[in-house]
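Under our numbering, think of the first position of the sequence shown as 1491, with each following residue one higher. Glycine included, each C-beta is placed from N, C-alpha and C at the ideal position. Small disclaimer: the values here were computed from a predicted structure and weren't measured. Everything on this sheet refers to the single structure shown next.
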Amino acid sequence: MTPIHFTFSSMFMLGLAGLAFHRTHLLSALLCLEGMMLSLFIALSLWTLQLNTTSFSASPMLLLAFSACEASAGLALLVATARTHGTDRLQSLNLLQC
């Protein structure tokens, strides 16, 4: 495994570990998801540069568009949760009450 692959793998794993272990606030979970998407975007961009082909050149932009949609939906959920429950703590949310 090259150092670049190790770096992006560890970036993704740190985001996943942050999402799994630091689930106190919704904003911290969303930031961990964004970190994971950013590591995937950079890795996919470097992968298309290493292949020297144009067939995968649209893949990073597609991932970036999905990441922007995910971020906007997450922030909309954060605002809706803060308005209805008064807090963004994940322990105060109950899926059975929605």
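Neighbourhood of residue i by C-beta, 8 angstroms cutoff - its chain only, sequence neighbours within 5 removed
i: I1494; result: L1536
i: M1503; result: none
i: D1578; result: H1515, L1516, L1517, L1568, T1571 and A1572
i: R1513; result: A1519 and L1580
Same chain, Cβ closer than 6 angstroms to residue i, five either side skipped, listed in chain order
i: S1582; result: H1575
i: G1508; result: C1522
Reduced DSSP category for residue i - H, G, I as helix; E, B as strand; rest coil
i: R1579; result: strand
i: S1547; result: coil
i: M1526; result: helix
i: T1574; result: helix
i: M1503; result: helix
i: T1492; result: coil
Residues that residue i bridges to, as DSSP identifies them
i: H1515; result: R1579
Whole-Å CB distance - residue i paired with residue j, under 8 angstroms assumed
i: F1498; j: S1529; result: 5 angstroms
Neighbourhood of residue i by C-beta, 7 angstroms cutoff - its chain only, sequence neighbours within 5 removed
i: A1561; result: E1524
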